[in-house]
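The block underneath contains the structure these notes are about, expressed in C-alpha coordinates.
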Amino acid sequence: MPFLFLNDIPTRLNLVRIYEVQPRNFEKILLFCYYKDEMEEKNIILNNLLTHYYAWKNPGRGSCALLFLHGWRSGGAVWFPIIPALLQQTSCDIYTLDLPGFGKSQTPPSSFSLDDYREIIKAFVQKLGLARVVLVGHSFGGRITIKCATAYPNFFQKIVLVDSAGVRMRDKNLRTKNLIAKIVKPFFRLPLISRLRKPLYGVIGSEDYLATPELREVFVSIINEDLQPLLSGINAKTLIVWGENDDVTPIEAAEIMQKEIPHAELTILPDAGHFSFLDQKEKFINTLVQFLNI
(Lines of atoms letter the chains of each structure in order from A; the text may use other names.)
(Lines give C-alpha, C1' and ligand atoms only; values in the text may rest on other atoms or scores of the structure.)
Protein backbone atom coordinates (compact mmCIF):
# COMPACT_ATOMS: atom_id res chain seq x y z
CA MET A 10 0.00 0.00 0.00
CA PRO A 11 1.45 3.42 -0.91
CA PHE A 12 2.25 5.51 2.13
CA LEU A 13 1.87 9.26 2.43
CA PHE A 14 4.70 10.61 4.56
CA LEU A 15 2.91 13.06 6.84
CA ASN A 16 6.16 14.04 8.58
CA ASP A 17 7.26 15.67 5.34
CA ILE A 18 6.71 19.44 5.81
CA PRO A 19 5.65 20.29 2.21
CA THR A 20 3.18 17.42 2.27
CA ARG A 21 1.74 18.57 5.59
CA LEU A 22 1.37 22.14 4.29
CA ASN A 23 -0.31 20.89 1.14
CA LEU A 24 -2.79 18.86 3.20
CA VAL A 25 -3.59 21.88 5.36
CA ARG A 26 -4.16 23.94 2.23
CA ILE A 27 -6.39 21.25 0.71
CA TYR A 28 -8.45 21.15 3.91
CA GLU A 29 -8.87 24.92 3.87
CA VAL A 30 -10.01 24.98 0.26
CA GLN A 31 -11.96 21.71 0.09
CA PRO A 32 -13.02 20.75 3.64
CA ARG A 33 -15.98 18.67 2.48
CA ASN A 34 -13.87 16.69 0.03
CA PHE A 35 -10.79 16.42 2.24
CA GLU A 36 -11.40 12.80 3.22
CA LYS A 37 -11.90 11.77 -0.39
CA ILE A 38 -8.71 13.56 -1.43
CA LEU A 39 -6.74 11.97 1.41
CA LEU A 40 -8.06 8.53 0.50
CA PHE A 41 -7.07 9.12 -3.08
CA CYS A 42 -3.51 9.95 -1.94
CA TYR A 43 -3.34 6.68 -0.04
CA TYR A 44 -5.04 4.44 -2.55
CA LYS A 45 -4.29 5.97 -5.93
CA ASP A 46 -1.77 3.23 -6.83
CA GLU A 47 -4.33 0.48 -6.17
CA MET A 48 -7.19 2.36 -7.82
CA GLU A 49 -7.80 1.97 -11.52
CA GLU A 50 -9.72 4.79 -13.17
CA LYS A 51 -11.05 3.83 -16.58
CA ASN A 52 -13.62 4.53 -19.27
CA ILE A 53 -15.63 1.89 -21.06
CA ILE A 54 -18.22 1.99 -23.84
CA LEU A 55 -21.49 0.49 -22.63
CA ASN A 56 -24.44 0.46 -25.01
CA ASN A 57 -22.89 3.31 -27.02
CA LEU A 58 -22.27 5.49 -23.95
CA LEU A 59 -18.85 6.39 -22.58
CA THR A 60 -19.00 5.28 -18.94
CA HIS A 61 -16.41 6.12 -16.31
CA TYR A 62 -15.61 3.85 -13.37
CA TYR A 63 -13.16 3.20 -10.55
CA ALA A 64 -11.83 -0.25 -9.64
CA TRP A 65 -9.79 -1.73 -6.80
CA LYS A 66 -8.44 -5.26 -7.13
CA ASN A 67 -7.67 -7.59 -4.25
CA PRO A 68 -4.61 -9.42 -5.69
CA GLY A 69 -4.79 -13.17 -5.20
CA ARG A 70 -8.18 -12.84 -3.56
CA GLY A 71 -11.11 -11.45 -5.52
CA SER A 72 -13.61 -13.97 -4.18
CA CYS A 73 -16.45 -11.66 -5.23
CA ALA A 74 -17.09 -8.35 -6.92
CA LEU A 75 -18.67 -5.47 -5.02
CA LEU A 76 -20.38 -3.14 -7.49
CA PHE A 77 -21.58 0.19 -6.06
CA LEU A 78 -24.25 2.39 -7.67
CA HIS A 79 -24.64 5.97 -6.49
CA GLY A 80 -27.74 8.14 -6.14
CA TRP A 81 -29.07 11.03 -8.22
CA ARG A 82 -26.82 14.11 -8.42
CA SER A 83 -23.92 12.01 -7.10
CA GLY A 84 -21.07 9.93 -8.55
CA GLY A 85 -18.88 6.92 -7.99
CA ALA A 86 -16.53 8.90 -5.74
CA VAL A 87 -19.23 9.18 -3.05
CA TRP A 88 -18.27 5.64 -1.97
CA PHE A 89 -14.55 6.46 -1.51
CA PRO A 90 -14.68 6.86 2.30
CA ILE A 91 -15.71 3.22 2.83
CA ILE A 92 -13.37 1.64 0.27
CA PRO A 93 -10.18 1.24 2.38
CA ALA A 94 -11.94 -0.70 5.17
CA LEU A 95 -13.72 -2.94 2.65
CA LEU A 96 -10.42 -3.74 0.93
CA GLN A 97 -8.98 -4.75 4.29
CA GLN A 98 -11.98 -6.62 5.67
CA THR A 99 -13.22 -8.45 2.58
CA SER A 100 -11.67 -10.47 -0.22
CA CYS A 101 -13.73 -8.71 -2.89
CA ASP A 102 -12.72 -6.64 -5.87
CA ILE A 103 -14.53 -3.29 -5.77
CA TYR A 104 -16.07 -1.22 -8.54
CA THR A 105 -17.86 2.12 -8.43
CA LEU A 106 -19.49 3.61 -11.52
CA ASP A 107 -20.33 7.10 -12.63
CA LEU A 108 -23.78 6.31 -14.00
CA PRO A 109 -24.59 7.91 -17.39
CA GLY A 110 -25.27 11.61 -16.90
CA PHE A 111 -23.19 11.88 -13.73
CA GLY A 112 -19.53 12.29 -12.81
CA LYS A 113 -17.28 11.76 -15.80
CA SER A 114 -19.72 9.61 -17.76
CA GLN A 115 -21.50 10.65 -20.94
CA THR A 116 -24.97 12.18 -20.70
CA PRO A 117 -27.63 9.82 -22.06
CA PRO A 118 -30.40 10.84 -24.49
CA SER A 119 -33.63 12.31 -23.08
CA SER A 120 -35.45 9.06 -23.82
CA PHE A 121 -33.20 7.13 -21.40
CA SER A 122 -35.18 5.06 -18.91
CA LEU A 123 -34.64 3.05 -15.75
CA ASP A 124 -34.51 -0.07 -17.93
CA ASP A 125 -31.69 1.53 -19.92
CA TYR A 126 -29.72 2.09 -16.72
CA ARG A 127 -30.37 -1.55 -15.85
CA GLU A 128 -28.91 -2.59 -19.21
CA ILE A 129 -25.82 -0.46 -18.56
CA ILE A 130 -25.14 -2.49 -15.40
CA LYS A 131 -25.71 -5.77 -17.22
CA ALA A 132 -23.31 -4.70 -19.98
CA PHE A 133 -20.69 -3.67 -17.40
CA VAL A 134 -20.84 -7.04 -15.64
CA GLN A 135 -20.62 -8.90 -18.94
CA LYS A 136 -17.86 -6.80 -20.46
CA LEU A 137 -15.61 -7.11 -17.40
CA GLY A 138 -16.50 -10.77 -16.91
CA LEU A 139 -17.45 -10.25 -13.29
CA ALA A 140 -18.60 -13.23 -11.20
CA ARG A 141 -20.25 -13.55 -7.79
CA VAL A 142 -21.40 -9.95 -7.98
CA VAL A 143 -22.86 -8.18 -4.96
CA LEU A 144 -24.78 -5.14 -6.19
CA VAL A 145 -25.02 -2.19 -3.78
CA GLY A 146 -27.35 0.66 -4.66
CA HIS A 147 -27.97 3.93 -2.83
CA SER A 148 -31.18 5.90 -3.43
CA PHE A 149 -31.54 6.13 -7.25
CA GLY A 150 -28.89 3.41 -7.48
CA GLY A 151 -31.26 1.27 -5.39
CA ARG A 152 -33.91 1.64 -8.10
CA ILE A 153 -31.45 0.26 -10.63
CA THR A 154 -30.48 -2.54 -8.24
CA ILE A 155 -34.12 -3.62 -7.88
CA LYS A 156 -34.51 -3.65 -11.65
CA CYS A 157 -31.32 -5.67 -12.12
CA ALA A 158 -32.17 -8.22 -9.43
CA THR A 159 -35.59 -8.97 -10.93
CA ALA A 160 -34.56 -8.99 -14.60
CA TYR A 161 -31.24 -10.85 -14.25
CA PRO A 162 -31.34 -12.92 -11.04
CA ASN A 163 -28.40 -15.13 -12.06
CA PHE A 164 -26.09 -12.14 -12.46
CA PHE A 165 -26.11 -11.12 -8.82
CA GLN A 166 -25.22 -13.25 -5.81
CA LYS A 167 -26.60 -10.75 -3.29
CA ILE A 168 -27.96 -7.21 -3.33
CA VAL A 169 -27.81 -4.31 -0.87
CA LEU A 170 -30.38 -1.50 -0.86
CA VAL A 171 -29.15 1.61 0.95
CA ASP A 172 -31.80 4.26 1.64
CA SER A 173 -33.24 3.10 -1.65
CA ALA A 174 -35.81 4.86 -3.78
CA GLY A 175 -38.40 2.88 -5.72
CA VAL A 176 -41.42 2.55 -3.45
CA ARG A 177 -43.99 5.24 -4.11
CA MET A 178 -45.25 6.45 -0.77
CA ARG A 179 -48.60 8.11 -0.27
CA ASP A 180 -48.00 11.80 0.30
CA LYS A 181 -51.04 13.68 1.51
CA ASN A 182 -49.37 16.91 0.40
CA LEU A 183 -48.40 15.64 -3.06
CA ARG A 184 -51.61 16.74 -4.74
CA THR A 185 -51.23 20.21 -3.23
CA LYS A 186 -47.61 20.42 -4.38
CA ASN A 187 -48.53 19.42 -7.93
CA LEU A 188 -51.35 21.96 -7.99
CA ILE A 189 -49.02 24.74 -6.82
CA ALA A 190 -46.46 23.76 -9.48
CA LYS A 191 -49.08 23.96 -12.24
CA ILE A 192 -50.39 27.32 -11.03
CA VAL A 193 -47.00 29.04 -10.74
CA LYS A 194 -45.38 27.56 -13.85
CA PRO A 195 -46.70 30.23 -16.30
CA PHE A 196 -45.42 33.03 -14.05
CA PHE A 197 -41.83 31.74 -14.26
CA ARG A 198 -41.68 33.10 -17.81
CA LEU A 199 -41.85 36.66 -16.44
CA PRO A 200 -38.33 38.15 -15.99
CA LEU A 201 -38.95 39.48 -12.47
CA ILE A 202 -40.47 36.21 -11.27
CA SER A 203 -38.02 33.78 -12.85
CA ARG A 204 -35.50 34.28 -10.03
CA LEU A 205 -38.02 32.74 -7.62
CA ARG A 206 -38.22 29.55 -9.64
CA LYS A 207 -35.48 27.61 -7.89
CA PRO A 208 -36.48 28.45 -4.28
CA LEU A 209 -40.13 27.65 -4.92
CA TYR A 210 -39.42 24.35 -6.63
CA GLY A 211 -37.17 23.55 -3.69
CA VAL A 212 -40.10 24.06 -1.34
CA ILE A 213 -42.30 21.67 -3.33
CA GLY A 214 -39.59 19.01 -3.42
CA SER A 215 -38.16 19.28 -6.92
CA GLU A 216 -34.50 20.03 -6.21
CA ASP A 217 -33.30 17.00 -8.18
CA TYR A 218 -35.39 18.10 -11.16
CA LEU A 219 -33.82 21.56 -11.15
CA ALA A 220 -30.26 20.46 -10.37
CA THR A 221 -29.90 18.28 -13.47
CA PRO A 222 -31.55 20.21 -16.34
CA GLU A 223 -29.99 17.98 -18.97
CA LEU A 224 -31.66 14.95 -17.35
CA ARG A 225 -35.09 16.36 -16.56
CA GLU A 226 -37.03 14.10 -18.91
CA VAL A 227 -35.05 11.09 -17.68
CA PHE A 228 -35.74 12.08 -14.07
CA VAL A 229 -39.49 12.42 -14.62
CA SER A 230 -39.63 9.03 -16.34
CA ILE A 231 -37.75 7.35 -13.50
CA ILE A 232 -39.64 8.77 -10.52
CA ASN A 233 -43.00 7.98 -12.12
CA GLU A 234 -42.21 4.25 -12.05
CA ASP A 235 -43.33 2.44 -8.90
CA LEU A 236 -41.11 -0.58 -8.27
CA GLN A 237 -43.07 -2.06 -5.37
CA PRO A 238 -44.75 -4.70 -7.61
CA LEU A 239 -41.25 -6.03 -8.46
CA LEU A 240 -40.10 -6.60 -4.88
CA SER A 241 -41.62 -10.06 -4.44
CA GLY A 242 -39.69 -11.21 -7.51
CA ILE A 243 -36.26 -10.60 -5.95
CA ASN A 244 -34.74 -13.99 -5.17
CA ALA A 245 -31.27 -12.87 -4.15
CA LYS A 246 -30.36 -12.51 -0.48
CA THR A 247 -31.00 -8.87 0.29
CA LEU A 248 -29.64 -6.47 2.88
CA ILE A 249 -31.62 -3.28 3.43
CA VAL A 250 -29.77 -0.49 5.24
CA TRP A 251 -31.55 2.71 6.23
CA GLY A 252 -30.78 5.87 8.11
CA GLU A 253 -33.06 6.35 11.09
CA ASN A 254 -33.50 10.03 10.20
CA ASP A 255 -33.74 9.70 6.43
CA ASP A 256 -36.02 12.52 5.27
CA VAL A 257 -35.64 11.74 1.55
CA THR A 258 -36.73 8.12 1.42
CA PRO A 259 -38.91 7.48 4.49
CA ILE A 260 -38.25 4.53 6.74
CA GLU A 261 -41.73 3.18 5.88
CA ALA A 262 -40.34 2.35 2.44
CA ALA A 263 -37.65 0.19 4.08
CA GLU A 264 -40.30 -1.68 6.04
CA ILE A 265 -42.29 -2.35 2.87
CA MET A 266 -39.17 -3.68 1.15
CA GLN A 267 -38.33 -5.96 4.06
CA LYS A 268 -41.87 -7.32 4.08
CA GLU A 269 -42.15 -7.95 0.34
CA ILE A 270 -38.65 -9.14 -0.59
CA PRO A 271 -38.52 -12.87 0.27
CA HIS A 272 -34.96 -13.08 1.65
CA ALA A 273 -34.45 -9.61 3.11
CA GLU A 274 -33.04 -8.33 6.38
CA LEU A 275 -33.30 -4.74 7.54
CA THR A 276 -30.72 -2.77 9.50
CA ILE A 277 -31.59 0.74 10.68
CA LEU A 278 -28.61 2.94 11.50
CA PRO A 279 -29.20 5.40 14.36
CA ASP A 280 -28.35 9.08 14.00
CA ALA A 281 -28.07 8.72 10.23
CA GLY A 282 -29.86 10.41 7.36
CA HIS A 283 -30.22 9.69 3.66
CA PHE A 284 -26.47 9.07 3.29
CA SER A 285 -26.43 6.53 6.10
CA PHE A 286 -23.30 4.82 4.76
CA LEU A 287 -21.39 8.07 5.38
CA ASP A 288 -23.21 9.26 8.51
CA GLN A 289 -22.52 5.95 10.26
CA LYS A 290 -19.59 4.72 8.21
CA GLU A 291 -18.18 2.13 10.63
CA LYS A 292 -21.58 0.63 11.44
CA PHE A 293 -22.42 0.44 7.76
CA ILE A 294 -19.13 -1.28 6.94
CA ASN A 295 -19.57 -3.80 9.78
CA THR A 296 -23.12 -4.56 8.64
CA LEU A 297 -22.05 -5.02 5.03
CA VAL A 298 -19.05 -7.19 5.88
CA GLN A 299 -21.18 -9.41 8.10
CA PHE A 300 -23.75 -9.78 5.31
CA LEU A 301 -21.02 -10.74 2.80
CA ASN A 302 -19.74 -13.47 5.13
CA ILE A 303 -23.12 -15.17 5.62
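Be aware that the sequence shown starts at 10, since it is given in the numbering used here, and climbs by one per residue.
Backbone N, C-alpha and C fix where the C-beta goes; we use that ideal spot for every residue, glycine too.
- The residue from T159, K131 and Q135 with its alpha-carbon nearest to that of K246 is T159.
- Counting only runs of 3 or more residues that sit fully inside the stretch 109 to 156, the beta strand (DSSP E) segments are 142 to 147, in chain order.
- Scanning the stretch 83 to 112 from its first residue to its last, the whole alpha helix (DSSP H) runs of 4-plus residues come out as 92 to 98.
- In the DSSP assignment, F228 falls within the alpha helix (DSSP H) that extends over R225 to I232.
- Annotation for A262: the continuous alpha helix (DSSP H) segment containing it runs I260 to E269.
- Of the candidates A64, Q237, H79 and F121, the residue whose Cα lies closest to the Cα of N57 is F121.
- Looking from the CA of E274, the closest CA among A281, T296 and P259 belongs to T296.
- DSSP, read as helix, strand or coil, puts G80 in coil.
- N52 has H61 as its beta-bridge partners, per DSSP.
- In this model, I53 and G84 are separated by some 16 Å (Cα to Cα).
- A74 carries a strand assignment under DSSP once its states are collapsed to helix, strand and coil.
- Judged by beta-carbon spacing, T99 lies beyond the 7 Å limit of F77, meaning their Cβ atoms are not closer than that value.
- Rounded to the nearest whole angstrom, the CA to CA distance from G175 to K131 is 19 Å.
- In this structure, E226 places its C-beta atom within 7 Å of the C-beta atom of S119.
- The beta carbons of I155 and L248 sit no closer together than 7 Å.
- A distance of 7 Å or more separates the beta carbons of V134 and V250.
- Residue burial annotation: H283 is buried, with at least 16 other C-beta atoms found within 10 angstroms of its C-beta.
- Per DSSP, K246 is one residue of the beta strand (DSSP E) stretching across K246 to G252.
- A74 and V142 have their C-alpha atoms roughly 5 Å apart.
- One Cα belongs to I153, the other to D124, and the distance between them is close to 8 Å.
- By DSSP's assignment, K167 forms a beta bridge with V143 and K246.
- The three-state secondary structure of E291, taken from DSSP, is helix.
- Cβ-Cβ distances below 7 Å link K290 to P90 and I91 in the same chain, with the five nearest sequence neighbours on each side left out; the list follows chain order.
- Between E253 and P279 a beta carbon distance of about 5 Å is seen, short of the 8 Å cut, so the two are scored as contacting.
- A174 carries a coil assignment under DSSP once its states are collapsed to helix, strand and coil.
- In the structure shown, A160 falls within a helical segment according to DSSP collapsed to helix, strand and coil.
- Among the bridge pairs identified by DSSP, A273 is matched with T247.
- Distance from the Cα of I232 is smallest, within the candidate group P93, I303, T258 and E47, for T258.
- The residues G282 and H283, in chain order, have a CB closer than 8 Å to that of D256 in the same chain once the five nearest residues on each side in sequence are set aside.
- Minimum Cα-Cα distance from V298 among the listed residues H79, L96 and L239 corresponds to L96.
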